[in-house]
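**Student:** Sharing a structure, written as structure tokens. Questions coming.
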Amino acid sequence: MHHLENIFKKVNSGSRIDADDALILLNHAGILDLADLASLVRKKLHPEPIVTYVVDRNINYTNICKSGCRFCAFYHDSDKAGGYVISEKDLAAKIRETISIGGTQILLQGGLNPTIHFKDYLKMLRFIKDNFEIHIHGFSPPEILFMAEKSSLTITETLTKLMEAGLGSIPGGGAEILVDDVRNQISPNKYLSEQWLDVMRTAHKLGLKTTATMMFGHIETNEHIIEHLIKIRDLQKETGGFTAFIPWTFQPGNTRLEVTEATAVEYLRVLSVSRLVLDNVMNIQASWVTQGEKIAQTALIFGANDLGSTMIEENVVAAAGVKFRLPKGEMIRLIQDAGYEPRQRDCFYNAVETG
Amino acid sequence: MHNIPLSDKRLRSILDKLTDEERLNFDDGCLLYSSTDLIGKARLADFVRQRKYGKKAFFVYNQHINYTNVCKNNCLFCAFSREEDQEGAFTLSAQEVRVQLEKRLGEPIREIHVVGGVNPSLPFEYYLNLIETIKSLRPDAAVKAFTAVEIDYFSEIAGLSVTETILRLKEAGLSMMPGGGAEVMNDRVRQKLFPRKIGREKWLEVVKTAHLNGLTSNATMLYGHIETIEERVRHLISLRELQDETGGFSAFIPLAFHSKNTGLSHIPSTTAFDDLSNIIAARLMLDNFDHIKAYWVMIGEKLAQLALSFGADDLDGTIIEEKITHMAGATSAKGLTRDEMIHMIKAAGFEPIERDSFYNQVNI
Numbered sequence: 026m027h028h029l030e031n032i033f034k035k036v037n038s039g040s041r042i043d044a045d046d047a048l049i050l051l052n053h054a055g056i057l058d059l060a061d062l063a064s065l066v067r068k069k070l071h072p073e074p075i076v077t078y079v080v081d082r083n084i085n086y087t088n089i090c091k092s093g094c095r096f097c098a099f100y101h102d103s104d105k106a107g108g109y110v111i112s113e114k115d116l117a118a119k120i121r122e123t124i125s126i127g128g129t130q131i132l133l134q135g136g137l138n139p140t141i142h143f144k145d146y147l148k149m150l151r152f153i154k155d156n157f158e159i160h161i162h163g164f165s166p167p168e169i170l171f172m173a174e175k176s177s178l179t180i181t182e183t184l185t186k187l188m189e190a191g192l193g194s195i196p197g198g199g200a201e202i203l204v205d206d207v208r209n210q211i212s213p214n215k216y217l218s219e220q221w222l223d224v225m226r227t228a229h230k231l232g233l234k235t236t237a238t239m240m241f242g243h244i245e246t247n248e249h250i251i252e253h254l255i256k257i258r259d260l261q262k263e264t265g266g267f268t269a270f271i272p273w274t275f276q277p278g279n280t281r282l283e284v285t286e287a288t289a290v291e292y293l294r295v296l297s298v299s300r301l302v303l304d305n306v307m308n309i310q311a312s313w314v315t316q317g318e319k320i321a322q323t324a325l326i327f328g329a330n331d332l333g334s335t336m337i338e339e340n341v342v343a344a345a346g347v348k349f350r351l352p353k354g355e356m357i358r359l360i361q362d363a364g365y366e367p368r369q370r371d372c373f374y375n376a377v378e379t380g
Numbered sequence: 017m018h019n020i021p022l023s024d025k026r027l028r029s030i031l032d033k034l035t036d037e038e039r040l041n042f043d044d045g046c047l048l049y050s051s052t053d054l055i056g057k058a059r060l061a062d063f064v065r066q067r068k069y070g071k072k073a074f075f076v077y078n079q080h081i082n083y084t085n086v087c088k089n090n091c092l093f094c095a096f097s098r099e100e101d102q103e104g105a106f107t108l109s110a111q112e113v114r115v116q117l118e119k120r121l122g123e124p125i126r127e128i129h130v131v132g133g134v135n136p137s138l139p140f141e142y143y144l145n146l147i148e149t150i151k152s153l154r155p156d157a158a159v160k161a162f163t164a165v166e167i168d169y170f171s172e173i174a175g176l177s178v179t180e181t182i183l184r185l186k187e188a189g190l191s192m193m194p195g196g197g198a199e200v201m202n203d204r205v206r207q208k209l210f211p212r213k214i215g216r217e218k219w220l221e222v223v224k225t226a227h228l229n230g231l232t233s234n235a236t237m238l239y240g241h242i243e244t245i246e247e248r249v250r251h252l253i254s255l256r257e258l259q260d261e262t263g264g265f266s267a268f269i270p271l272a273f274h275s276k277n278t279g280l281s282h283i284p285s286t287t288a289f290d291d292l293s294n295i296i297a298a299r300l301m302l303d304n305f306d307h308i309k310a311y312w313v314m315i316g317e318k319l320a321q322l323a324l325s326f327g328a329d330d331l332d333g334t335i336i337e338e339k340i341t342h343m344a345g346a347t348s349a350k351g352l353t354r355d356e357m358i359h360m361i362k363a364a365g366f367e368p369i370e371r372d373s374f375y376n377q378v379n380i
């Protein structure tokens, strides 16, 4: 208990906490203490009582994936029943709809599909850029690694070509837990922690901003969670390229991992410790997609300053049987009700003029 | 206690009162609703909650029986009620209730929660028979049945006084009353939403009579429709006054309004901030109530779990087949297993205590 007090003092005085402090907080601090501490750090980074959100759409260009991760309910093995690769026509229709409702970006992600060639990805990006004025937040590190491998290019070369074709930023997916012992068990065919971090490092150095995520609530321990956070913080010290961190809980429905889903209180604990450890990452996003709108709203007192996307389409979490909805009007209502000012943002957290 | 950090300095005077165990007044109640310093308010509620129960969190292994959805009251906020000849109308016979109970006889159920519509075609004997049926199959479970609204109606059809009605029900095996039907005890709200249902005076009178005749009861408030903060606080104070008089209330349960399929479907769902503020205000205003429930059916399992740190000490029951809120679009589960309930409580850092209807610990 005495140690907890010391950590509280550390945070209150604005000092950075270390991995041991973070673990003690995650294991032992009271939930309201965590809320207070996380709010303090949040307020220091965001003195204005503003909560941001983005209007966008998830477009999953394929659900065929060779990874076969045990936690995934979305992927299909090949073009067996249910497997798809999006057509240009469907892609265009989805983007058109996104723009029509004031969307500023698309989140473009998909499985590691052996039938898609590197030139196809470039073609897809150019097709979007030639036809629409929209930001492309796309291709998480596993996809980039997969492309590089298939085309025998370096990460730098791969990213450079994608950027030339129109890629605007990279989502932080595929991080899961950045500890190889954990990865070997839940996603044995996916890339290792260092590879994930390396893609992000390279992207940041090339000027591509990225987010970072963490999927927890499966087989990881609290130590693993802290290790993940520290790895993100260390890379951020080096590059400054992460715009936001998004922790979310594993949804066990329709997957091959039989575990009990992390509860809301566990989610909020991890969220607030994330805010405390990642004092060099500006934004912490609440995950209404996995938590629902009620816990997402309470996340605002546990360190989150962003409610993520209105997401007019989401397929991956929905495939695990979890289907929450949060239209823009509702997003605004929740933010105001919590005593904050809502602000639509773009991918770089700049305010979007809404007419 | 004085070092509790409060961003909203107006909460300071409430903290002082709580420290001295002094009663909060009407203005304090309004502030507990209107302040957006949710963490500060939670601190106050948690302080009182911990003083009473430490880390204990209660739940009951129970079963719900909704015996009829036929109802003559036609409340605007209800998605459950039907006219007698309307599609989807149902009334369970004693035999059908028996079947529902028999399906779960292997489970250690401690409480049967029974509520229904005000159905004009049922005689008083139906209700006595209903309780006797339950008692015969579940002699060890407490029958918690009939809101003040139903009991008032029984007395009318039976031509008995409220006292006599209650005594007859008690004789049949009734041991507790649920807290429904109070809605918001206010004439303005009643005229707009439930003009045919009994109002404040009658509700309080029936409940008082029950308490004086040895029945305990719960109390509720349906919030999140057209009521104002002031009306909420007056409702709480009315309950507190009756509790001063009888001591018969066991728990208070704030009920979050669900608008889907009701005459008020334009009203958006309650927010987490409002749900938690209701728990907090109840805990702090109802200083003479032992228990404040976070009713997971209405606010969802996730928020109910969090509510344990915002003043709630009870998560109600495991419940199978909740109908009333789900017909109004609730997305919560229809039942939780005992293991799920225990896991939820432990994961929130609390100690699960399985209880009976009267908050005696049940050893499992």
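The listed protein sequences correspond, in order, to chains A and B. When you line the first sequence up against my numbering, it's residues 26 to 380, in that order. When you line the second sequence up against my numbering, it's residues 17 to 380, in that order. For glycine and all other residues, C-beta sits at the position ideal for the given N, C-alpha and C.
Buried or exposed: where does His229/A fall if 16 or more other Cβ atoms within 10 Å of its Cβ makes it buried?
**Tutor:** The count along the first sequence starts at 1 and reaches residue 229/A at position 204. By the neighbour-count rule (16 or more Cβ atoms within 10 Å), His229/A is buried.
**Student:** At a Cβ threshold of 8 Å, is Ile55/B touching chain A?
**Tutor:** Here residue 55/B refers to the residue found at position 39 when the second sequence is read from its first residue. Yes, its Cβ sits closer than 8 Å to a Cβ of chain A.
**Student:** Per DSSP, which one or two residues make a beta bridge with Trp273/A?
**Tutor:** To locate residue 273/A, count along the first sequence from 1; it is residue 248. DSSP lists Met240/A as partners of Trp273/A.
**Student:** Compute the beta-carbon to beta-carbon distance between Glu286/A and Gly328/A, rounded to the nearest angstrom, for a pair I have assumed lies under 8 Å.
**Tutor:** Against the first sequence, residue 286/A aligns to sequence position 261. Against the first sequence, residue 328/A aligns to sequence position 303. Wrong, their Cβ atoms sit about 21 Å apart, outside the cutoff.
**Student:** Which chain B residues are close to Thr285/A, counting only those with a beta carbon under 8 Å from its beta carbon?
**Tutor:** What you label residue 285/A is simply residue 260 of the first sequence in a count that begins at 1. Ordered by position in chain B, the residues that pass the 8 Å Cβ test against Thr285/A are His359.
**Student:** Check whether the segment 311-323 of chain A and the segment 106-126 of chain A touch, using three or more Cβ-Cβ pairs below 8 Å as the test.
**Tutor:** They do not touch, by the three-pair rule.
**Student:** In chain D, which residues lie less than 9 Å from Ile315/B when you measure between Cβ atoms?
**Tutor:** As a matter of chain content, chain D is missing from the structure shown, whose protein chains are A and B.
**Student:** Using a beta-carbon distance cut-off of less than 7 Å, what residues from the segment 157-182 of chain A approach chain B?
**Tutor:** Within the segment 157-182 of chain A, no residue qualifies.
**Student:** Along the alpha helix (DSSP H) that carries His251/B, what are the first and last residues, could you check?
**Tutor:** Taking the first residue of the second sequence as 1, we reach residue 251/B at position 235. Per DSSP, His251/B belongs to the alpha helix (DSSP H) from Ile245 to Thr262.
**Student:** Under the three-state reduction of DSSP, which class applies to Lys160/B: helix, strand or coil?
**Tutor:** On the second sequence, residue 160/B is found 144 positions in, with the first residue counted as 1. In this structure, Lys160/B counts as strand in the three-state DSSP scheme.
**Student:** Can you tell me where the beta strand (DSSP E) holding Leu231/A begins and where it ends?
**Tutor:** Within the first sequence, the letter at position 206 stands for residue 231/A. Run containing Leu231/A: none; DSSP gives neither H nor E here.
**Student:** Within 10 angstroms of its Cβ, does Gly232/A collect 16 or more other Cβ (buried), or is it exposed?
**Tutor:** Here residue 232/A refers to the residue found at position 207 when the first sequence is read from its first residue. Result: exposed.
**Student:** Assign Tyr49/B to one of three DSSP states: helix, strand, or coil.
**Tutor:** Position 33 of the second sequence holds residue 49/B. Tyr49/B falls in the helix class under three-state DSSP.
**Student:** Which ranges does the alpha helix (DSSP H) cover as unbroken runs of at least 4 residues, wholly within the segment 111-160 of chain A, from first to last along the chain?
**Tutor:** Taking only runs of at least 4 residues, the alpha helix (DSSP H) segments lying wholly in the segment 111-160 of chain A are 113-125 and 143-156.
**Student:** Would DSSP call Ala288/B helix, strand or coil?
**Tutor:** Start at 1 with the first residue of the second sequence, and residue 288/B comes out as number 272. Helix.
**Student:** So Lys215/A and Arg208/A are supposed to be a Cβ contact under 8 Å. How far apart are they, rounded?
**Tutor:** Position 190 of the first sequence, counting from 1, holds the residue named residue 215/A. Position 183 of the first sequence, counting from 1, holds the residue named residue 208/A. With a Cβ gap of about 7 Å, Lys215/A and Arg208/A count as contacting.
**Student:** Along the beta strand (DSSP E) that carries Val78/A, what are the first and last residues, could you check?
**Tutor:** Mapped onto the first sequence, residue 78/A falls at position 53. In the sequence as presented, Val is not what sits at residue 78/A; that position holds Tyr. Residues Ile75 to Val79.
**Student:** Residues in its own chain within less than 8 Å of Lys208/B by CB, not counting five upstream and five downstream?
**Tutor:** The residue you call residue 208/B lines up with position 192 of the second sequence. Counting only Cβ-Cβ distances below 8 Å, and skipping sequence neighbours, we find Leu92 and Ile242.
**Student:** Output, in chain order, the set of chain B residues within a Cβ distance shorter than 9 Å of Val290/A.
**Tutor:** Residue 290/A sits at position 265 when you count from the first residue of the first sequence. The contacting residues are Lys318, Gln321, Leu322, Leu324, Ser325, Met360, Ala363, Ala364 and Gly365.
**Student:** Give the range of the alpha helix (DSSP H) segment to which Val378/B is assigned.
**Tutor:** Taking the second sequence and counting its residues from 1, one reaches residue 378/B at position 362. Unbroken run through Val378/B: none, as it is neither H nor E.
**Student:** Count the other CB atoms within 10 Å of the CB of Gly265/A; is the residue buried (16 or more) or exposed (fewer)?
**Tutor:** Translated into the one-based positions of the first sequence, residue 265/A becomes position 240. Under this definition Gly265/A is an exposed residue.
**Student:** Which chain A residues are close to Thr52/B, counting only those with a beta carbon under 8 Å from its beta carbon?
**Tutor:** The sequence position of residue 52/B within the second sequence is 36, counting from 1. Those are Ala363 and Gly364, listed as they occur along chain A.
**Student:** In this structure, what does DSSP give as the bridge partners for Val306/A?
**Tutor:** As a working note, residue 306/A is residue 281 in the first sequence. Note: Val306/A sits in no beta bridge, so no partner.
**Student:** Helix or strand or just coil, what does DSSP make of Asn85/A?
**Tutor:** To locate residue 85/A, count along the first sequence from 1; it is residue 60. Strand at Asn85/A.
**Student:** Assign Ser373/B to buried or exposed, taking buried as 16 or more other Cβ atoms, counted over all protein chains shown, within 10 Å of its Cβ.
**Tutor:** As a working mapping, residue 373/B is identified with position 357 in the second sequence. Buried, since its Cβ has 16 or more Cβ neighbours within 10 Å.
**Student:** For the alpha helix (DSSP H) containing Tyr69/B, list its first residue and its last residue.
**Tutor:** Start at 1 with the first residue of the second sequence, and residue 69/B comes out as number 53. It spans Leu54 to Tyr69 - the alpha helix (DSSP H) in which Tyr69/B sits, taken as one unbroken run.
**Student:** Could you tell me which residues DSSP puts in a beta bridge with Ser334/A?
**Tutor:** Here the question's residue 334/A lines up with position 309 in the first sequence. Answer is Val79/A.
**Student:** So is Asp330/B in contact with chain A if we call contact Cβ pairs under 8 Å?
**Tutor:** Working through the second sequence from its first residue, we reach residue 330/B at position 314. It does not: the Cβ of Asp330/B has no partner Cβ on chain A nearer than 8 Å.
**Student:** Taking the alpha helix (DSSP H) that Gly346/A belongs to, which residues open and close that run?
**Tutor:** Position 321 of the first sequence, counted from the start, is the residue given in the question as residue 346/A. That residue, Gly346/A, is in no alpha helix (DSSP H); it is neither H nor E in DSSP.
**Student:** Find out if the Cβ-Cβ distance for the pair Cys372/A, Ser165/A is shorter than 8 Å.
**Tutor:** Here residue 372/A refers to the residue found at position 347 of the first sequence. Here residue 165/A refers to the residue found at position 140 of the first sequence. Against a cut-off of 8 Å, the Cβ pair of Ser165/A and Cys372/A comes out as no contact.
**Student:** What residues are listed by DSSP as bridge partners for His162/A?
**Tutor:** In the first sequence, the residue the question calls residue 162/A occupies position 137. His162/A pairs with Leu132/A and Ser194/A.
**Student:** Would you decide whether Asp331/A is buried or exposed? Buried here means 16 or more other CB atoms lie within 10 Å of its CB.
**Tutor:** Along the first sequence, read from residue 1 onward, the residue named residue 331/A stands at position 306. So Asp331/A ends up on the buried side.
**Student:** When you compare the CB of Ile111/A with every CB in chain B, is at least one pair closer than 8 Å?
**Tutor:** Within the first sequence, the letter at position 86 stands for residue 111/A. Chain B, which has no Cβ nearer than 8 Å to the Cβ of Ile111/A, makes this no.
**Student:** For Phe42/B, count neighbouring Cβ atoms within 10 angstroms of its own Cβ and tell me buried if that reaches 16, exposed if not.
**Tutor:** Here the question's residue 42/B lines up with position 26 in the second sequence. So Phe42/B ends up on the exposed side.
**Student:** Along the segment 54-86 of chain A, what residues have a CB closer than 8 Å to any CB found in chain B?
**Tutor:** Cβ contacts with chain B: Gly55, Ile56, Leu57, Ala60, Asp61 and Ser64.
**Student:** Do you know how far the Cα of Asp145/A is from the Cα of Leu137/A?
**Tutor:** Mapped onto the first sequence, residue 137/A falls at position 112. Mapped onto the first sequence, residue 145/A falls at position 120. Going from the Cα of Leu137/A to the Cα of Asp145/A covers about 13 Å.
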